[in-house]
Amino acid sequence: MVVVRILGGLGNQMFQYAYARSLSLKGYDVKLDISKFKTYKLHGGYQLNKFNIKLKKADPLAVLYGKIGLKSNIKEKSLLFNGDFKSLKGNEYVKGYFQTEKYFNKIRETLLNDFVINQKLSINTQKMEQQILSTKNSCSLHIRRGDYISDEKANKIHGTCNLDYYHKAIEIINKKYTNTTFYIFSDDISWTKKNLKTEKIVFVDVKSIPHEDMYLMSLCNHNITANSSFSWWGAWLNTNKNKIVIAPRNWFIEKENEVACENWIKL
(Lines of atoms letter the chains of each structure in order from A and count residues from 1; the text may use other names and numbers.)
(Lines give C-alpha, C1' and ligand atoms only; values in the text may rest on other atoms or scores of the structure.)
Protein backbone atom coordinates (compact mmCIF):
# COMPACT_ATOMS: atom_id res chain seq x y z
CA MET A 1 0.00 0.00 0.00
CA VAL A 2 1.00 3.61 -0.65
CA VAL A 3 -0.52 6.39 1.45
CA VAL A 4 -0.32 9.94 0.06
CA ARG A 5 -0.78 12.84 2.45
CA ILE A 6 -3.34 15.45 1.41
CA LEU A 7 -2.80 18.95 2.76
CA GLY A 8 -3.20 22.61 1.76
CA GLY A 9 -5.81 24.49 -0.22
CA LEU A 10 -7.97 23.05 -2.98
CA GLY A 11 -5.32 23.42 -5.69
CA ASN A 12 -2.66 21.69 -3.59
CA GLN A 13 -5.07 18.90 -2.72
CA MET A 14 -5.76 18.35 -6.42
CA PHE A 15 -2.05 18.12 -7.28
CA GLN A 16 -1.55 15.54 -4.55
CA TYR A 17 -4.61 13.58 -5.63
CA ALA A 18 -3.55 13.66 -9.29
CA TYR A 19 -0.16 12.22 -8.33
CA ALA A 20 -1.81 9.55 -6.17
CA ARG A 21 -4.28 8.69 -8.94
CA SER A 22 -1.45 8.20 -11.41
CA LEU A 23 0.09 5.68 -9.02
CA SER A 24 -3.20 3.83 -8.67
CA LEU A 25 -3.44 3.39 -12.43
CA LYS A 26 0.00 1.81 -12.42
CA GLY A 27 -1.26 -0.89 -10.10
CA TYR A 28 -0.43 0.51 -6.67
CA ASP A 29 -2.93 0.22 -3.83
CA VAL A 30 -3.18 3.93 -2.97
CA LYS A 31 -5.08 5.63 -0.18
CA LEU A 32 -5.31 9.25 0.92
CA ASP A 33 -4.36 10.48 4.37
CA ILE A 34 -6.55 13.48 5.24
CA SER A 35 -5.97 13.33 9.00
CA LYS A 36 -4.07 16.65 9.07
CA PHE A 37 -7.28 18.52 8.33
CA LYS A 38 -8.35 18.00 11.93
CA THR A 39 -5.95 20.81 12.83
CA TYR A 40 -5.37 22.49 9.44
CA LYS A 41 -8.17 25.05 9.07
CA LEU A 42 -6.81 27.30 6.30
CA HIS A 43 -8.31 27.59 2.81
CA GLY A 44 -11.58 25.85 3.66
CA GLY A 45 -10.18 22.54 4.85
CA TYR A 46 -10.56 19.27 2.96
CA GLN A 47 -12.37 19.83 -0.35
CA LEU A 48 -11.73 16.85 -2.62
CA ASN A 49 -15.07 15.45 -1.51
CA LYS A 50 -16.71 18.02 -3.80
CA PHE A 51 -15.53 15.92 -6.78
CA ASN A 52 -16.05 12.41 -8.11
CA ILE A 53 -12.70 11.21 -6.84
CA LYS A 54 -12.06 7.47 -6.89
CA LEU A 55 -9.37 6.93 -4.23
CA LYS A 56 -10.36 5.99 -0.71
CA LYS A 57 -9.20 7.53 2.55
CA ALA A 58 -6.69 5.76 4.75
CA ASP A 59 -7.77 4.86 8.27
CA PRO A 60 -6.32 7.75 10.33
CA LEU A 61 -5.60 5.53 13.30
CA ALA A 62 -3.83 3.03 11.09
CA VAL A 63 -1.67 5.80 9.68
CA LEU A 64 -0.98 7.24 13.11
CA TYR A 65 0.13 3.97 14.65
CA GLY A 66 1.65 2.38 11.56
CA LYS A 67 -0.77 -0.55 11.66
CA ILE A 68 -0.90 -0.83 7.89
CA GLY A 69 2.73 -1.85 7.69
CA LEU A 70 4.25 1.22 6.08
CA LYS A 71 7.97 0.65 5.87
CA SER A 72 9.17 4.18 5.15
CA ASN A 73 8.29 7.85 4.87
CA ILE A 74 9.21 9.56 1.62
CA LYS A 75 9.18 13.34 1.33
CA GLU A 76 9.49 15.51 -1.76
CA LYS A 77 12.70 17.54 -1.40
CA SER A 78 12.15 20.12 -4.14
CA LEU A 79 9.46 21.40 -6.48
CA LEU A 80 11.18 19.87 -9.51
CA PHE A 81 9.92 16.68 -11.10
CA ASN A 82 11.46 13.56 -9.60
CA GLY A 83 10.79 10.37 -11.53
CA ASP A 84 11.60 8.26 -8.48
CA PHE A 85 8.20 9.16 -7.06
CA LYS A 86 6.53 7.35 -9.97
CA SER A 87 8.29 4.07 -9.21
CA LEU A 88 7.79 3.34 -5.53
CA LYS A 89 8.49 0.00 -3.86
CA GLY A 90 5.21 0.01 -1.95
CA ASN A 91 4.30 0.17 1.74
CA GLU A 92 5.30 3.83 1.85
CA TYR A 93 3.90 7.05 3.24
CA VAL A 94 4.46 9.93 0.80
CA LYS A 95 4.52 13.67 1.50
CA GLY A 96 4.80 16.32 -1.20
CA TYR A 97 3.07 18.89 -3.37
CA PHE A 98 3.84 17.37 -6.80
CA GLN A 99 3.20 20.69 -8.55
CA THR A 100 3.98 19.73 -12.12
CA GLU A 101 1.79 17.90 -14.61
CA LYS A 102 4.73 15.63 -15.40
CA TYR A 103 3.47 13.40 -12.61
CA PHE A 104 0.08 12.88 -14.24
CA ASN A 105 -0.04 14.26 -17.80
CA LYS A 106 -0.65 10.76 -19.22
CA ILE A 107 -3.92 10.38 -17.31
CA ARG A 108 -5.56 13.66 -18.29
CA GLU A 109 -8.87 12.11 -19.37
CA THR A 110 -9.12 10.19 -16.10
CA LEU A 111 -8.55 13.33 -14.06
CA LEU A 112 -11.04 15.34 -16.10
CA ASN A 113 -13.64 12.74 -15.10
CA ASP A 114 -12.51 12.56 -11.47
CA PHE A 115 -12.62 16.34 -11.05
CA VAL A 116 -16.27 16.67 -12.06
CA ILE A 117 -18.27 18.40 -9.31
CA ASN A 118 -20.63 15.94 -7.62
CA GLN A 119 -23.23 18.37 -6.29
CA LYS A 120 -25.60 21.02 -7.58
CA LEU A 121 -24.09 24.41 -8.34
CA SER A 122 -25.21 27.49 -6.45
CA ILE A 123 -27.71 29.80 -8.17
CA ASN A 124 -25.11 32.56 -8.63
CA THR A 125 -22.65 30.12 -10.18
CA GLN A 126 -25.33 28.79 -12.53
CA LYS A 127 -26.03 32.34 -13.71
CA MET A 128 -22.35 33.06 -14.26
CA GLU A 129 -21.95 29.72 -16.01
CA GLN A 130 -24.57 30.70 -18.57
CA GLN A 131 -23.04 34.14 -19.02
CA ILE A 132 -19.59 32.71 -19.71
CA LEU A 133 -20.93 30.04 -22.08
CA SER A 134 -22.84 32.70 -24.02
CA THR A 135 -19.75 34.92 -24.41
CA LYS A 136 -18.18 34.59 -27.85
CA ASN A 137 -14.62 34.85 -26.57
CA SER A 138 -13.86 34.69 -22.86
CA CYS A 139 -10.72 34.70 -20.74
CA SER A 140 -10.47 34.12 -17.01
CA LEU A 141 -8.01 36.24 -15.05
CA HIS A 142 -7.08 35.37 -11.48
CA ILE A 143 -5.51 37.77 -8.99
CA ARG A 144 -4.32 36.07 -5.81
CA ARG A 145 -3.73 38.30 -2.81
CA GLY A 146 -5.10 37.10 0.54
CA ASP A 147 -2.37 35.37 2.55
CA TYR A 148 0.19 36.23 -0.15
CA ILE A 149 -0.17 39.79 1.18
CA SER A 150 -1.17 39.36 4.82
CA ASP A 151 1.12 36.45 5.73
CA GLU A 152 4.78 37.53 5.82
CA LYS A 153 6.05 33.97 5.37
CA ALA A 154 3.79 33.31 2.38
CA ASN A 155 4.76 36.64 0.83
CA LYS A 156 8.46 35.84 1.07
CA ILE A 157 7.91 32.49 -0.65
CA HIS A 158 5.37 33.42 -3.31
CA GLY A 159 5.29 37.16 -3.78
CA THR A 160 2.44 38.42 -5.96
CA CYS A 161 2.00 38.98 -9.68
CA ASN A 162 2.12 42.73 -10.34
CA LEU A 163 -0.29 44.66 -12.51
CA ASP A 164 2.29 44.88 -15.29
CA TYR A 165 2.12 41.09 -15.64
CA TYR A 166 -1.65 41.20 -16.04
CA HIS A 167 -1.61 44.08 -18.52
CA LYS A 168 0.96 42.26 -20.69
CA ALA A 169 -1.12 39.09 -20.53
CA ILE A 170 -4.29 40.96 -21.51
CA GLU A 171 -2.40 42.55 -24.42
CA ILE A 172 -1.33 39.13 -25.70
CA ILE A 173 -4.90 37.84 -25.63
CA ASN A 174 -6.30 40.95 -27.29
CA LYS A 175 -3.74 40.80 -30.11
CA LYS A 176 -4.72 37.21 -30.84
CA TYR A 177 -8.48 37.54 -30.38
CA THR A 178 -10.66 40.60 -30.79
CA ASN A 179 -13.62 41.40 -28.60
CA THR A 180 -12.50 39.29 -25.64
CA THR A 181 -14.39 39.53 -22.35
CA PHE A 182 -12.20 39.07 -19.28
CA TYR A 183 -13.79 37.38 -16.28
CA ILE A 184 -11.93 38.46 -13.15
CA PHE A 185 -11.57 36.17 -10.13
CA SER A 186 -9.87 37.30 -6.94
CA ASP A 187 -9.84 36.77 -3.19
CA ASP A 188 -9.60 40.57 -2.93
CA ILE A 189 -12.17 41.73 -5.44
CA SER A 190 -12.46 45.27 -4.01
CA TRP A 191 -8.72 45.90 -4.51
CA THR A 192 -8.92 44.42 -7.98
CA LYS A 193 -11.81 46.65 -8.99
CA LYS A 194 -9.84 49.72 -7.94
CA ASN A 195 -6.57 48.76 -9.59
CA LEU A 196 -7.17 46.59 -12.67
CA LYS A 197 -8.30 48.73 -15.58
CA THR A 198 -9.13 47.26 -18.97
CA GLU A 199 -12.00 47.11 -21.45
CA LYS A 200 -14.69 44.43 -21.54
CA ILE A 201 -14.31 43.19 -18.01
CA VAL A 202 -16.64 41.24 -15.72
CA PHE A 203 -15.83 40.92 -12.03
CA VAL A 204 -17.02 37.61 -10.65
CA ASP A 205 -18.19 39.30 -7.47
CA VAL A 206 -20.29 36.62 -5.82
CA LYS A 207 -19.87 34.63 -2.63
CA SER A 208 -16.77 32.60 -3.36
CA ILE A 209 -17.16 28.83 -3.44
CA PRO A 210 -13.69 27.56 -4.40
CA HIS A 211 -14.57 24.51 -6.47
CA GLU A 212 -17.30 26.45 -8.27
CA ASP A 213 -14.99 29.39 -9.04
CA MET A 214 -12.44 26.95 -10.44
CA TYR A 215 -15.15 25.38 -12.59
CA LEU A 216 -16.13 28.79 -13.97
CA MET A 217 -12.48 29.50 -14.84
CA SER A 218 -12.32 26.23 -16.76
CA LEU A 219 -15.32 27.24 -18.88
CA CYS A 220 -13.52 30.27 -20.32
CA ASN A 221 -11.87 29.98 -23.74
CA HIS A 222 -8.55 31.18 -22.36
CA ASN A 223 -6.92 31.67 -18.97
CA ILE A 224 -4.53 34.08 -17.26
CA THR A 225 -3.35 32.53 -14.01
CA ALA A 226 -1.78 33.94 -10.88
CA ASN A 227 1.12 32.11 -9.22
CA SER A 228 -1.55 30.01 -7.60
CA SER A 229 -2.36 26.31 -7.80
CA PHE A 230 -6.02 27.34 -7.70
CA SER A 231 -6.03 29.13 -11.05
CA TRP A 232 -3.51 26.58 -12.38
CA TRP A 233 -6.22 23.96 -12.13
CA GLY A 234 -8.83 26.30 -13.57
CA ALA A 235 -6.63 26.53 -16.67
CA TRP A 236 -5.60 22.86 -16.77
CA LEU A 237 -9.22 21.68 -16.59
CA ASN A 238 -10.12 23.93 -19.54
CA THR A 239 -10.83 21.54 -22.43
CA ASN A 240 -10.78 24.14 -25.20
CA LYS A 241 -8.32 22.71 -27.74
CA ASN A 242 -7.35 26.20 -28.92
CA LYS A 243 -6.94 27.75 -25.50
CA ILE A 244 -4.19 30.20 -24.64
CA VAL A 245 -2.94 29.94 -21.08
CA ILE A 246 -0.65 32.64 -19.70
CA ALA A 247 1.16 32.03 -16.43
CA PRO A 248 3.93 33.71 -14.43
CA ARG A 249 7.40 32.45 -15.22
CA ASN A 250 8.50 32.86 -11.59
CA TRP A 251 5.93 30.92 -9.58
CA PHE A 252 8.00 31.38 -6.42
CA ILE A 253 10.45 34.13 -5.54
CA GLU A 254 13.48 31.88 -5.11
CA LYS A 255 12.47 28.23 -5.46
CA GLU A 256 13.20 26.59 -8.80
CA ASN A 257 10.06 24.89 -10.08
CA GLU A 258 8.24 23.43 -13.07
CA VAL A 259 4.71 24.45 -12.17
CA ALA A 260 3.64 26.20 -15.40
CA CYS A 261 3.01 23.70 -18.18
CA GLU A 262 5.43 23.58 -21.09
CA ASN A 263 2.85 24.68 -23.67
CA TRP A 264 1.70 27.70 -21.66
CA ILE A 265 2.96 31.21 -22.33
CA LYS A 266 5.17 32.31 -19.46
CA LEU A 267 5.70 35.98 -18.61
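Using the numbering used here, you'd call the opening residue of the sequence shown number 28 and step up by one each time. Note that the Cβ used here is the ideal one computed from N, Cα and C, for glycine as well.
Classify residue i: buried if its beta carbon has 16 or more other beta carbons within 10 angstroms, exposed otherwise.
i, result
"Q126", "buried"
"N100", "exposed"
"Q153", "exposed"
"I150", "exposed"
Mapping DSSP to helix, strand and coil, what is residue i?
i, result
"I211", "strand"
"S114", "coil"
"D60", "strand"
"E198", "helix"
"F78", "strand"
"N100", "strand"
"L264", "coil"
"K183", "Reliability fails at K183, whose pLDDT of 41 lies under 50, so the model's placement of it is uncertain and the value that follows must be treated cautiously. It is helical."
"Y124", "coil"
"F42", "helix"
If you draw a straight line from the alpha carbon of residue i to that of residue j, how long is it in whole angstroms?
i, j, result
"A85", "N265", "31 Å"
"N164", "D191", "23 Å"
"W291", "A196", "12 Å"
"N189", "N277", "12 Å"
"W218", "K203", "28 Å"
"S161", "L75", "29 Å"
"I200", "T207", "8 Å"
"T205", "D141", "34 Å"
"S213", "K104", "31 Å"
"L223", "G38", "24 Å"
"N267", "C247", "8 Å"
"L138", "A47", "11 Å"
By Cβ distance, which residues of its chain are closer than 8 Å to residue i, with the 5 residues on each side in sequence left out?
i, result
"H194", "T225"
Check this for me: beta carbons of residue i and residue j, under 8 Å apart or not?
i, j, result
"V31", "N79", "no"
"L243", "I159", "yes"
"N250", "K270", "yes"
"I33", "Y44", "yes"
Please return the same chain residues whose Cβ sits closer than 6 Å to the Cβ of residue i, not counting the five positions on each side in sequence.
i, result
"S235", "none"
In chain order, what residues of the same chain lie with their CB nearer than 7 Å to the CB of residue i, ignoring the 5 residues before and after it?
i, result
"Q157", "none"
Going by the C-beta, is residue i closer than 7 Å to any heavy atom of the ligand NAP?
i, result
"K133", "You won't find the ligand NAP in this model; it holds no ligand whatsoever."
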